[in-house]
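**Q**
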Amino acid sequence: MNATCSTLTVSLSQAKADFLKLAHQASTGQVITITRTGVAFVQLLAVRKAPQRRIGAMKGKLIIPDDFDTPLPDSLLREFEKKST
0 MNATCSTLTV SLSQAKADFL KLAHQASTGQ VITITRTGVA FVQLLAVRKA PQRRIGAMKG
60 KLIIPDDFDT PLPDSLLREF EKKST
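Following this line, the structure appears as structure tokens:
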């Protein structure tokens, strides 16, 4: 949603009668607040689209050394495995 979206408040009976119109308005970014006996109890708003993943976006930017999976020296392993007291 953007910062310029507007809000519309309607009663439950009006929402029932005009649901398709209200759903369309919500899909354009307008927030619809539905009231029951004058008290807001639900909002109708557009679903945000999930950001698209770009496969291969980091291709060529990461370098994995040939010795990546070589075991670490014992002294370094001991440092990682130290338990705090």
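The sequence shown begins at 0 in numbering that gives the first Met the number 0 and counts up by one.
Where is the CB? At the ideal position from N, CA and C, for every residue including glycine.
(1) Just reading off the beta strand (DSSP E) that residue 7 is part of, what are its end residues?
(2) Indicate whether residue 21 and residue 9 have their beta-carbon atoms separated by less than 9 Å.
(3) Assuming residue 33 and residue 11 form a contact by the criterion Cβ under 8 Å, report the distance between their Cβ atoms to the nearest whole angstrom.
(4) Using 9 Å as the threshold, is the C-beta distance between residue 45 and residue 27 below it?
(5) Go ahead and pull the three-state DSSP assignment for residue 19.
**A** Quick look at the numbers:
(1) From DSSP, the beta strand (DSSP E) with residue 7 extends over 6–10.
(2) For the pair residue 21 and residue 9, the CB atoms are nearer than the 9 Å cut-off.
(3) Sure, about 6 Å apart at Cβ, within 8 Å.
(4) Against a cut-off of 9 Å, the Cβ pair of residue 27 and residue 45 comes out as a contact.
(5) Note: residue 19 maps to helix in three-state DSSP.
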